[in-house]
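**Student:** Numbering (the numbering used here), first residue to last: 650 to 1057. Beta carbons: idealized from backbone N, C-alpha and C, even for Gly. Predicted model, so just to flag it, every value in this text is computed and none were measured. The structure under discussion is supplied below as structure tokens; questions concerning it will follow.
Given below as structure tokens:
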């Protein structure tokens, strides 16, 4: 019987891992199934462009996986049962159960309303393609002088507010920031960001917290009411409770706790990558939810799965967060590198060159995920005689320090 590998989620992490497993493992020994709710590969890093009204070409996952031997199951993940090694999925025609021997959990994250009343009912977000398209429809319906309020001054909020302001100059756009605008950036980069906001006509409200969202206004904790024809919520991301409900060891936010190889510390035949995983970087700090983290954790999970199944040495990937690549519309941007302590370095790059580099990074990421058979080796690795026994004997690389931080 073939070893069954099931990959949950076909975002940046899941697509990369699935394609590379297909490249490296013999189809005579393994079968790989990818479960994803949507038929297309979604460039999540460009959804703020979609919301602003730009047309972003999508690629079908069936085309991406063509010729790899990967089975694509278009369905929503309902539950995971790690004791029975099964995944419950559902689509419009009903549900079914998929058995697995090795599971990669890469379901990613979604927008987090942080318990603020009215966000779910009245606010838009750019965390998924359907919600980004709903926001675009709303912006299309707004008249000249319509008001748009973007709540959240993280990278998603900054990219969203600048993209909307540049693409739709007839709208009045405001960014609501809980603290100082660009507080995580260097002094020079903060100054550059402020100049861009001024150039695009963006009103910035700093040190402002939101306590409720209504249909036509946002209520702040200081008693201020801000008129809004379209409120965009970008105040954070959260993961689905599926992993926690399955009994996997997770943090208090539901992210899966893993060892250095992205292997679940509670269930050795489950691996995790992307936003769903909680892992400690090489600097001793938790890696943030980001595309870069999806790349590093996905690569590490792939190496660990291949190594454990084939009896070969498991290679280690650097787990680091190099910095922030921020688009400020189509013609401006900021590249801000960070040091070993994840603090912004004094130097930064801003302007058109930074925008071109960010665009290049996006193209490279898309190309990598869209060509999983590139340089496919002619000779693929066969599994060890008893892969299940071998996997059970694979050592955990979680240090006492990492385990302590993971559950703190």
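By Cβ distance, which residues of its chain are closer than 6 Å to residue 924, with the 5 residues on each side in sequence left out?
**Tutor:** As a first step, residue 924 must be located in the chain shown, where it is residue number 275. Excluding residues within five positions, the ones whose Cβ falls inside 6 Å are 757, 758, 938.
**Student:** Pairing CB atoms from the region 681-693 with CB atoms from the region 660-673, are three or more of them under 8 Å?
**Tutor:** yes
**Student:** With DSSP as the reference, identify every bridge partner of residue 869, one or two as the case may be.
**Tutor:** Here the question's residue 869 lines up with position 220 in the chain shown. Bridge partners of residue 869: 859.
**Student:** Quick one: what's got a C-beta closer than 6 Å to residue 801's C-beta in the same chain, skipping five residues either side?
**Tutor:** Counting from 1 along the chain shown, the entry for residue 801 is found at position 152. Excluding residues within five positions, the ones whose Cβ falls inside 6 Å are 883, 884.
**Student:** Can residue 879 and residue 797 be called in contact, C-beta distance under 8 Å?
**Tutor:** Counting from 1 along the chain shown, the entry for residue 879 is found at position 230. Counting from 1 along the chain shown, the entry for residue 797 is found at position 148. Yes, Cβ-Cβ distance for residue 879 and residue 797 is below 8 Å.
**Student:** Contact defined as beta carbons within less than 8 Å: I believe residue 997 pairs with residue 966. What is the distance between those atoms, to the nearest angstrom?
**Tutor:** Within the chain shown, residue 997 is the residue found at index 348, counting from 1. Within the chain shown, residue 966 is the residue found at index 317, counting from 1. Incorrect: roughly 26 Å between the Cβ atoms, too far for contact.
**Student:** When you compare the CB of residue 779 with every CB in chain D, is at least one pair closer than 8 Å?
**Tutor:** No chain D appears in this structure, which consists of one protein chain only.
**Student:** Just list the residues that DSSP pairs residue 813 with in beta bridges.
**Tutor:** Position 164 of the chain shown, counted from the first residue, corresponds to residue 813. Answer is none; residue 813 lacks a bridge partner.
**Student:** Measuring alpha carbon to alpha carbon, tell me which residue in 979, 989, 990 is nearest residue 1004.
**Tutor:** One-based indexing of the chain shown puts residue 1004 at position 355. When each option's Cα is compared against that of residue 1004, the closest is 979.
**Student:** Applying the criterion that 16 or more other CB atoms from any shown protein chain within 10 Å of the CB defines a buried residue, is residue 870 buried or exposed?
**Tutor:** If you number the chain shown from 1, residue 870 lands on position 221. Its Cβ having fewer than 16 others within 10 Å, residue 870 is exposed.
**Student:** Indicate whether residue 895 and residue 730 have their beta-carbon atoms separated by less than 8 Å.
**Tutor:** Looking up residue 895 in the chain shown gives position 246. Looking up residue 730 in the chain shown gives position 81. The answer is yes: Cβ separation under 8 Å.
**Student:** Under the three-state reduction of DSSP, which class applies to residue 775: helix, strand or coil?
**Tutor:** Here the question's residue 775 lines up with position 126 in the chain shown. Three-state DSSP puts residue 775 in coil, outside helix and strand.
**Student:** Would you call the region 742-753 in contact with the region 940-960, where contact means no fewer than 3 C-beta pairs closer than 8 Å?
**Tutor:** yes
**Student:** Helix or strand or just coil, what does DSSP make of residue 913?
**Tutor:** Here the question's residue 913 lines up with position 264 in the chain shown. Correct three-state label for residue 913: strand.
**Student:** Going by alpha carbons, who is nearest to residue 1011 out of 685, 656, 706?
**Tutor:** Numbered from 1 along the chain shown, position 362 holds the residue referred to as residue 1011. The shortest C-alpha separation from residue 1011 is found at 706.
**Student:** In angstroms with no decimal places, state the Cα-to-Cα distance between residue 1036 and residue 959.
**Tutor:** Translated into the one-based positions of the chain shown, residue 1036 becomes position 387. Translated into the one-based positions of the chain shown, residue 959 becomes position 310. Note that residue 1036 has pLDDT 45, beneath the 50 cutoff, so the model's placement of it is unreliable and no number is given.
**Student:** Could you tell me the alpha carbon to alpha carbon distance between residue 990 and residue 942, rounded to whole angstroms?
**Tutor:** Translated into positions along the chain shown, residue 990 becomes position 341. Translated into positions along the chain shown, residue 942 becomes position 293. Approximately 16 Å, taken between the alpha carbons.
**Student:** When DSSP labels each residue in this structure, what does residue 907 get in the three-state scheme?
**Tutor:** Reading the chain shown from its first residue, position 258 is the one you call residue 907. Judged by DSSP in its simplified three-state form, residue 907 adopts strand.
**Student:** Quick check: the Cα distance between residue 711 and residue 994, rounded to an integer number of angstroms?
**Tutor:** What you label residue 711 is simply residue 62 of the chain shown in a count that begins at 1. What you label residue 994 is simply residue 345 of the chain shown in a count that begins at 1. Spanning the two alpha carbons is a distance of roughly 42 Å.
**Student:** Compute the distance between the beta-carbons of residue 810 and residue 824, then report whether it is under 8 Å.
**Tutor:** Locating residue 810 in the chain shown gives position 161, counting from the first residue. Locating residue 824 in the chain shown gives position 175, counting from the first residue. Result yes, Cβ atoms of residue 810 and residue 824 sit closer than 8 Å.
**Student:** Quick one, which of 654, 838, 808 has its alpha-carbon nearest residue 747's?
**Tutor:** Looking up residue 747 in the chain shown gives position 98. Shortest Cα-Cα distance from residue 747 to any of 654, 838, 808 involves 654.
**Student:** Per DSSP, residue 663 is paired with what?
**Tutor:** Taking the first residue of the chain shown as 1, we reach residue 663 at position 14. None; residue 663 has no bridge partner.
**Student:** Helix, strand or coil for residue 841 per DSSP?
**Tutor:** On the chain shown, position 192 is the one that residue 841 refers to. Under the three-state reduction of DSSP, residue 841 is assigned to helix.
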